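In the numbering used here, the protein residues as written are 10 to 383.
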Ligand code: IPM
Ligand code: MN
């Protein structure tokens, strides 16, 4: 792959978003310097910070910049002052939901990996989770999230409609089947077809294209059973395909396998634009403390590199994260006695990307309080 020139819009967002984004950008700068690519970073507002500055969670300038970008990197959105106020007219999350819809990001891809170094860290038994490698395809622009919603006139009842079209199901189902073809050839559709009509449409539609992927074994699980199976025996899963709300819930649940929500990246893709973000939220209690784990955002940046077809570069970032885990260069949620801050973990990973062989020296420098300048 030759030298690439790419424009990346960065949406740091709220809470710990700016801190974890800085580290991911640092790592991307290390990639561009090592491999000779030209990445430009365009910072824009979204979420509570955008409401404070402009009144809108997704200002037009942000949306325009994202439409023109080669990729978008997002930290997190959300602020407690809105969470406990159900009457708020504008909410930070509307920015994210609006962006997903406007950019047509219909497929959210969430890999769940049990890292050997962290098996003991998960509350689940190590022997149950060892070797887990699941890829969740969550539909992202349909279903109950985007259906008509409202209140009765006297406001004492409310509704959220869940609607799916065959087209909406087909486009993500094809992607999930194709992913299964490159992995362990197994696709599990998670739904609630014993109760919901939309779920029956999912089954019917997914079943109808299964013959196009003869090497993939398709099976089905009701979402309540799936929630249990993910914890009981996560190794049974390869690719999971599911609708928006079920995907939201089971991906947080599955994150327990990885040992920390701070490790899980995601990619949201559609026909053109693509957005990369950690699956964790804005963790407002940790804001500014330097304790947030930047790995989920850094691994999201690796998925961004995958999207640019920069395989070697993406693998280099993932290797660097593995190296940090091997060396115990982690934030406090993974080791309460750790000496490392968000920035130091990011620095270590960026440094590893530049030259893995020099990491030991660098680690000693961090311990001496001499962080490197990248
Ligand atoms: C996620 C988040 C979002 C969602 C929120 C912030 C709207 O939980 O990306 O999983 O529910 O999709
Ligand atoms: Mn979620």
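Heads up, the beta-carbon is just placed ideally off N, CA and C, and yes, glycines get one too. Just so it is clear, the structure is predicted and the values come from calculations on it, not from any experiment.
- In the structure shown, residue 195 falls within a strand segment according to DSSP collapsed to helix, strand and coil.
- At least one heavy atom of the ligand MN lies closer than 7 Å to the C-beta of residue 261.
- If you check the C-beta of residue 92 against the ligand MN, you find no heavy atom less than 7 Å away.
- Near the ligand IPM, residues with a Cβ at less than 5 Å from any of the ligand's heavy atoms are 102, 257; the list follows chain order.
- Just so you know, the alpha carbons of residue 333 and residue 343 end up roughly 12 Å apart.
- Distance from residue 118 to residue 278 at the Cβ level is roughly 7 Å; contact confirmed, criterion being Cβ atoms closer than 8 Å.
- In this structure the region 268 to 277 lies against the region 298 to 318, because at least three pairs of beta carbons, one per stretch, are closer than 8 Å.
- Taking a contact as a CB-CB distance under 8 Å, the pair residue 18 and residue 58 does not count as one, their CB atoms being some 15 Å apart.
- Every unbroken stretch of the beta strand (DSSP E) spanning 3 or more residues and falling wholly within the region 224 to 298 is given here in chain order: 226 to 231, 248 to 251, 274 to 278, 283 to 287.
- Look at residue 217 here: in three-state DSSP terms it is helix.
- Counting the other CB atoms within 10 Å of its CB gives residue 11 a total below 16, which places it among the exposed residues.
- The region 151 to 169 and the region 249 to 264 touch, with no fewer than 3 CB-CB distances between them shorter than 8 Å.
- Annotation: the continuous beta strand (DSSP E) that includes residue 144 extends over 142 to 148.
- For residue 119, the enclosing beta strand (DSSP E) stretches over residues 116 to 122.
- In the three-state reduction of the DSSP assignment, residue 357 falls in the helix class.
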